[in-house]
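**Student:**
Chains as they are written, first to last, in this note's numbering: chain A, 972 to 1334; chain B, 972 to 1334; chain C, 972 to 1334; chain D, 972 to 1334.
Structure representation (structure tokens):
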């Protein structure tokens, strides 16, 4: 099992960056759900490159073709398969990468795993391009969740040294949805401008930046998730680390909680509006792996894009010695902003899976 | 699925803090592995409370009783079941917790999940006491891994505001093993003294502290793990979030990588000693979810113990109104140091599972 | 994964025939379900040996001890662990079985799997004694299903050459329950007498008999199960083949359907009593892997007990040559009648798991 | 989970009989395996309809298009996706099937599951057409297994009342391979002629026939499979019941074993040619769920095709009353012969998965 996740809703991604087509299967999707292609297209546009100098100049056409699972635009219960054709299947830019692994990429580990049977890029399956089918699946999940009053949204909490404001204690559906409508998904547009400037600077220097994405979900009932290893955190983390370049996942206060005292970190419960709520949300809406009904909040750390144009120290696997590598071609100086919808997509898929499973704590 | 994890090696934990017994099944353990009970006992002693004022004063007897899976001290291939009897099954300290959920605990979420059918503690299954059987399983995994040259060790990277030095670039087996022999698992004993002092201060103030645990594994071959959702990071994170109080997991530079530039974060490959190695390890030994042969390094954030003796704001679920809660009894002012062997245990279990699966990249 | 099955309800069996204790974990059991120990004890008594000359003369005490998962006799949501102590842990009868594999047993295959690390019986994990914890789990599942109007019952359809009548088209809950109250579970007591006589004859001849068990479940809603590989048949068969000695599983007319014509085998739908029903049930209540609302009917073939007292041809694994084996001691001349409650147990566990999952065809 | 199976090798099928395309993902395939398209094409041709009057007259073009997973005809480690385009996407023959469920089909159960959201055929996902992608995957698995000396072959053991000879005790690779080269896959061609005649007769009468398929695999090492629920039988049965129309699965003597005595059914072990073998194979090569090294032998029962042209009794779901149905169009009077390669395909996929997992009984 590798390019799959999920329990009742199974998501399986396939494709290589430079193959015929890439795609996704969603198996276990409920029937009777209309898919709005316009909303889906707008969602997919958010991760597309080529929007500006902030991203790679490669143009992708991410219009999904649905091979199965729909009857007149509505899910029919059978597995849904959507594919995206690759226009630009084999680029000369990658030709020299069969012997010299790029630092920070999976070239060397793919070579070790597949005994050099595949090219250095593991057939290109590690490409960020594979997040496009993930977004198709996640975009569909978001539409279905929204009908149940569950909204998922994310923004850039930081890029390099620049930071955005965190989500408020109770983000509204409007706030979460608005992130997707901005060209640069931040709460504080001034911070966004500083981030954009930092990315352009890194680009000019042939370098790259990373960032932190904050994602929230509202409308989840209390009681979702299982104790210990079947909790919401376990399942979200397991899936989120499947997004290329993610190197850390935390919930609520996360690593910062480790520096707080119990009296600061514990969220006081309140009885408000006929239900239990809390005065703070250091727990990120999850206690003991189970949702509390407070907003679910998580952060994911995106490392700086490993593809940089500066000369780098590496090795030649054939000559068994050190080598220097200079990568030319089209690269993203930062992928954190493009990864924002991907984090939303994966979060939505896990939450839909858990919501389908329901709270079977009692029968 | 909830209190279980693993693929070829399945680990299933059962028990409640105040029930008859707690225990663990290991299903899929290879046959022919001798278990050294003395080494296992020393490992279990590391998480035991009652060692000092730094922990709860409750005494536990964690001597495991093996119900199955061994023939004359050697694994026989059948599922191994080990249990620990609870001496002290029902404490008056917890008697009043049937209506008023403790902030920061799973009391309320367990109530929401099980519709109040269980007591507020979900039958006590969320207890840190359940980490004892996890350590039995993990201690066994560590012994088996060591025979293959794989060593797992962890230390406290921080407690509250106090920080230890990180592991060196290439931690040795001796260094990793030495952590388990110290009364307080840190690299820099001066830092350890500051941490202990901080914990005692928090205790006197009726408060608690969290911390960050750093865990490393050496001796792993390159090529373990599957792309995307079956990677080493996915599987480790999924299991580590099963340890109570863990709120964040990161690999290598993790969240710090998000503040680095690509030129800083990329680990230059080197050809040394007839093999590929690297000049730095921001990747934590994992690229594209697959091991690189460099040491695997991860950090896990432990929140401050939610049980504090200060009065706290909460609610009465029966009266449907706010309430104040003061918890008396035996509490850990910090569990981060006791969680160090638990993080080792879970890491060892996941790595043994992956190592059993092997690198089936080629046939 | 080996001694486990289930999706939302995970059942994990452990123990060896001659170890300290055997037992079972049920993880994912809904909270709030009272367990009637008397009914459970009566269910367990049905598989117990030593009732008559029809079974082995070995006495077992199958009183389950609940280590976790219950609060005052009611499930609490935490994993339930129940164990049975082995009184009689190491029998001299088995002493000589370390070199000479018994024909028809797993001795040789366990030796091949575990490279001779375990004794020839794979640590005794293949023993029919392990069906006792399965029956504890299944007995609990039956009680919970009955509260939802789902009843599971089984009878001996044949023993050797003797056959019972099949279940009627619409077995009632009373009929299904009545099977458990008979000393010999058949619909036609005359057939039962012939079966008992045949078993006693085989016993006198130092030989053994097999049989076919028919199991039915009523009260299932239409729409349970997933297409293709997640169907009710797939999941039931996967679990039923875990019962030692089961060599065939069929649904409805099963193998007999292969000899019918479509016009005979198709079950005509009827509209009766405000709902869809059928004039026959060759499908065994399952079409396309999904329940139709008709009674679920399956048959499982039990091979003759391999332990016979006649001399048998086998090999010596150490001397690498042929050998003759004569097994003395206590053996069942037939286990088919004792396997009847085991088939019920496994069927009930799978159905409870599927029922908990529900029909998530729509959201 | 529904249209998927496998552990290390995951197979996921998608598509509807009358959608844009149908296909399959194989995730976990080892890298470096060349796929011979000619051999694959010949394998696919075996299940194709339209070869004679024995099958439906519908023409299918089953030429697979590989979207991912191959580099120059060799597997690269990334998930392999192959699709088949549907030429003939929406047939008028099916137009009237939205209200009146066909007896013996999944129409009614799909309606019950998906609450009528899909058409009566669950979007056509239950179609036998979906066995084409299964055969692509299985044909690839067969090629990889053959390189390891493992051969899988099947024949028609019976059609209606006509029976073929069973496989000999030790079928050779040549014998197994030869079945695929015959227009009608039987050992005894005279029996085959009788079967063909019976099918044509059923066709003329507007009726249909079922059959039994016997499948064997040779070259498997002893020691594959896990005890109890992870055995070879469990996993093969779970997958085989995913083939439409399969209603029974048995191993070795199967249901016939239930009529034998232990002294007849036990397979005497022999020491021959430096290894353990057996004088008979009632166990079908599996003892305790684990392979013995003897040929693996199983039988699968295929029900008569439910699509018959005779008038049948059914209901109108909208009018909530009885109805009569007459189905016109292109139907298979028997699918058992076309299901022969499908049984081989699924068997090969499960065996490749288990072989990749290897015998991890010891470390």
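Where is the CB? At the ideal position from N, CA and C, for every residue including glycine. In this text the structure is predicted, and so the values were computed from the model without any measurement.
Taking the CB atoms as reference points, tell me whether residue 1124 of chain C and residue 1148 of chain C lie closer together than 8 Å.
**Tutor:** One-based indexing of the third chain puts residue 1124 of chain C at position 153. One-based indexing of the third chain puts residue 1148 of chain C at position 177. A contact, by the Cβ cut-off of 8 Å.
**Student:** State the DSSP-derived secondary structure class of residue 1231 of chain C, mapped to helix, strand or coil.
**Tutor:** Working through the third chain from its first residue, we reach residue 1231 of chain C at position 260. Correct three-state label for residue 1231 of chain C: coil.
**Student:** Let me check one thing: in DSSP terms, what residues is residue 1249 of chain C bridge-paired to?
**Tutor:** Residue mapping note: residue 1249 of chain C aligns to position 278 of the third chain, counting from 1. Paired residues: C:1240.
**Student:** Assuming residue 1335 of chain D and residue 1305 of chain D are in contact, meaning their beta carbons sit under 8 Å apart, how far apart are those beta carbons, in whole angstroms?
**Tutor:** Nothing can be reported for residue 1335 of chain D, as the shown portion of chain D is limited to 972 through 1334.
**Student:** What separation, rounded to the nearest whole angstrom, lies between the Cα atoms of residue 974 of chain B and residue 984 of chain B?
**Tutor:** As a working note, residue 974 of chain B is residue 3 in the second chain. As a working note, residue 984 of chain B is residue 13 in the second chain. The alpha-carbon atoms of residue 974 of chain B and residue 984 of chain B are separated by roughly 6 Å.
**Student:** Once you ignore the five residues that flank residue 1145 of chain C on each side, which residues in its own chain have a CB closer than 8 Å to its CB?
**Tutor:** For the purposes of this step, residue 1145 of chain C is taken as residue 174 along the third chain, with counting starting at 1. For residue 1145 of chain C, where only same-chain residues beyond five positions count, there are no Cβ hits under 8 Å.
**Student:** According to DSSP, is residue 1046 of chain B helix, strand or coil?
**Tutor:** Within the second chain, the letter at position 75 stands for residue 1046 of chain B. Strand at residue 1046 of chain B.
**Student:** Roughly how many whole angstroms lie between the Cα atoms of residue 1201 of chain D and residue 1212 of chain C?
**Tutor:** Along the fourth chain, read from residue 1 onward, the residue named residue 1201 of chain D stands at position 230. Along the third chain, read from residue 1 onward, the residue named residue 1212 of chain C stands at position 241. Approximately 9 Å, taken between the alpha carbons.
**Student:** When you compare each of A:1102, A:1155, A:1097 to residue 1035 of chain A by their alpha carbons, which one comes out closest?
**Tutor:** The residue given as residue 1035 of chain A occupies position 64 in the first chain. With distances taken between Cα atoms, residue 1035 of chain A lies closest to A:1102.
**Student:** Would the beta-carbon of residue 1266 of chain A fall within 8 Å of that of residue 1256 of chain A?
**Tutor:** For the purposes of this step, residue 1266 of chain A is taken as residue 295 along the first chain, with counting starting at 1. For the purposes of this step, residue 1256 of chain A is taken as residue 285 along the first chain, with counting starting at 1. Taking 8 Å as the Cβ cut-off, residue 1266 of chain A and residue 1256 of chain A qualify as a contacting pair.
**Student:** Let me make sure I understand the geometry here. Which of A:1334, A:1235, A:1243 has the alpha-carbon closest to that of residue 1075 of chain B?
**Tutor:** One-based indexing of the second chain puts residue 1075 of chain B at position 104. Nearest of A:1334, A:1235, A:1243 to residue 1075 of chain B, Cα basis: A:1235.
**Student:** Taking only beta-carbon atoms, is residue 954 of chain B less than 8 Å away from chain A?
**Tutor:** With chain B represented from 972 up to 1334, any question about residue 954 of chain B goes unanswered, as that position is not in the structure.
**Student:** Among A:1016, A:1181, A:1192, which has the Cα closest to the Cα of residue 1246 of chain A?
**Tutor:** Locating residue 1246 of chain A in the first chain gives position 275, where the first residue counts as 1. Minimum Cα distance to residue 1246 of chain A is reached at A:1192.
**Student:** What separation, rounded to the nearest whole angstrom, lies between the Cα atoms of residue 1268 of chain D and residue 1204 of chain C?
**Tutor:** Your numbering for residue 1268 of chain D matches position 297 in the fourth chain. Your numbering for residue 1204 of chain C matches position 233 in the third chain. Cα to Cα, the separation comes out at about 20 Å.
**Student:** Output yes or no for whether 8 Å exceeds the beta carbon distance between residue 1112 of chain B and residue 1296 of chain B.
**Tutor:** One-based indexing of the second chain puts residue 1112 of chain B at position 141. One-based indexing of the second chain puts residue 1296 of chain B at position 325. No.
**Student:** Enumerate in chain order the residues of its own chain whose CB-to-CB distance from residue 1004 of chain A is below 6 Å, with the five nearest sequence positions on each side excluded.
**Tutor:** Counted from its first residue, the first chain places residue 1004 of chain A at position 33. Closer than 6 Å at Cβ, skipping near neighbours: 1046, 1115.
**Student:** On the three-state DSSP scale, how would you describe residue 1099 of chain A?
**Tutor:** Here residue 1099 of chain A refers to the residue found at position 128 when the first chain is read from its first residue. Residue 1099 of chain A falls in the helix class under three-state DSSP.
**Student:** Hey, residue 1131 of chain A and residue 1274 of chain A: beta-carbon distance below 8 Å or not?
**Tutor:** As a first step, residue 1131 of chain A must be located in the first chain, where it is residue number 160. As a first step, residue 1274 of chain A must be located in the first chain, where it is residue number 303. Cβ atoms of residue 1131 of chain A and residue 1274 of chain A: not closer than 8 Å.
**Student:** Tell me whether residue 1289 of chain B is buried or exposed, calling it buried when 16 or more other Cβ atoms sit within 10 Å of its Cβ.
**Tutor:** Counting from 1 along the second chain, the entry for residue 1289 of chain B is found at position 318. Looking at its Cβ environment, which holds fewer than 16 other Cβ atoms inside 10 Å, residue 1289 of chain B is exposed.
**Student:** For residue 1126 of chain D, which residues does DSSP report across the bridge?
**Tutor:** By 1-based counting over the fourth chain, the position of residue 1126 of chain D is 155. For residue 1126 of chain D, which the question treats as bridged, DSSP gives the partners D:1185.
**Student:** In chain B, which residues lie less than 8 Å from residue 1142 of chain A when you measure between Cβ atoms?
**Tutor:** Sequence index remark: in the first chain, residue 1142 of chain A carries index 171 (1-based). Result: empty, since nearest Cβ-Cβ is about 19 Å, beyond 8 Å.
**Student:** Give the interface partners of residue 1001 of chain B over in chain D, defined as CB-CB distance under 9 Å, in chain order.
**Tutor:** Here residue 1001 of chain B refers to the residue found at position 30 when the second chain is read from its first residue. Result: 1331, 1332, 1333, 1334.
**Student:** Would you check if the distance between the CB atom of residue 988 of chain D and the CB atom of residue 1098 of chain D is smaller than 8 Å?
**Tutor:** Position 17 of the fourth chain, counting from 1, holds the residue named residue 988 of chain D. Position 127 of the fourth chain, counting from 1, holds the residue named residue 1098 of chain D. It is a contact, given that the beta carbons lie within the stated cut-off.
**Student:** Can you say whether residue 1240 of chain C is buried or exposed, counting buried as having 16 or more other CB atoms within 10 angstroms of its CB?
**Tutor:** Here the question's residue 1240 of chain C lines up with position 269 in the third chain. Under this definition residue 1240 of chain C is a buried residue.
**Student:** Measure the alpha-carbon distance for residue 1084 of chain C versus residue 1001 of chain B and round it to whole angstroms.
**Tutor:** Sequence index remark: in the third chain, residue 1084 of chain C carries index 113 (1-based). Sequence index remark: in the second chain, residue 1001 of chain B carries index 30 (1-based). Distance between the alpha carbons of residue 1084 of chain C and residue 1001 of chain B: 10 Å.
**Student:** So is residue 1312 of chain A buried or exposed if we call it buried at 16+ other beta carbons inside 10 Å?
**Tutor:** For the purposes of this step, residue 1312 of chain A is taken as the residue at position 341 of the first chain. With 16 or more other Cβ atoms within 10 Å, it is buried.
**Student:** Answer with yes or no whether the minimum CB distance from residue 1288 of chain B to chain C is below 8 Å.
**Tutor:** As a first step, residue 1288 of chain B must be located in the second chain, where it is residue number 317. Chain C contact via Cβ: absent.
**Student:** To the nearest angstrom, how far is the alpha carbon of residue 1117 of chain D from that of residue 1323 of chain D?
**Tutor:** In the fourth chain, counting from the first residue as 1, residue 1117 of chain D sits at position 146. In the fourth chain, counting from the first residue as 1, residue 1323 of chain D sits at position 352. Cα to Cα, the separation comes out at about 10 Å.
**Student:** Which residues in the same chain have their Cβ closer than 7 Å to the Cβ of residue 1232 of chain C, if we skip the five residues on either side of it in sequence?
**Tutor:** For the purposes of this step, residue 1232 of chain C is identified with residue 261 of the third chain, where counting begins at 1. Closer than 7 Å at Cβ, skipping near neighbours: no residue.
**Student:** Cβ of residue 1064 of chain A less than 8 Å from any chain B Cβ?
**Tutor:** Taking the first residue of the first chain as position 1, residue 1064 of chain A is located at position 93. Note that residue 1064 of chain A scores 49 on pLDDT, short of 50, meaning its location in the model is unreliable; the coordinates nonetheless yield the value given after this. Not one chain B Cβ lies under 8 Å of residue 1064 of chain A.
**Student:** Using a C-beta cutoff of 8 Å, does residue 932 of chain B count as contacting chain D?
**Tutor:** A question about residue 932 of chain B goes unanswered here, because the residues of chain B that appear run from 972 up to 1334.
**Student:** Terminal residues of the continuous beta strand (DSSP E) containing residue 1285 of chain A?
**Tutor:** Within the first chain, numbered from 1, the residue matching residue 1285 of chain A stands at position 314. Unbroken beta strand (DSSP E) run through residue 1285 of chain A: 1283-1287.
**Student:** With DSSP as the reference, please indicate the residues paired to residue 1039 of chain D in a beta bridge.
**Tutor:** Taking the fourth chain and counting its residues from 1, the one referred to as residue 1039 of chain D is at position 68. Its beta-bridge partners are D:1052.
**Student:** Can you confirm whether residue 1253 of chain C, when its beta carbon is compared against all beta carbons of chain B, has any partner nearer than 8 Å?
**Tutor:** Along the third chain, read from residue 1 onward, the residue named residue 1253 of chain C stands at position 282. No, residue 1253 of chain C does not count as interfacial toward chain B.
**Student:** Could you tell me the distance, in whole angstroms, from the CA atom of residue 995 of chain B to the CA atom of residue 1088 of chain B?
**Tutor:** Here the question's residue 995 of chain B lines up with position 24 in the second chain. Here the question's residue 1088 of chain B lines up with position 117 in the second chain. The straight-line gap from Cα to Cα measures roughly 25 Å.
**Student:** Considering only the beta carbon of each residue, do residue 1317 of chain A and residue 1210 of chain A sit closer than 8 Å?
**Tutor:** Counting from one through the first chain, the residue named residue 1317 of chain A turns up at place 346. Counting from one through the first chain, the residue named residue 1210 of chain A turns up at place 239. Against a cut-off of 8 Å, the Cβ pair of residue 1210 of chain A and residue 1317 of chain A comes out as a contact.
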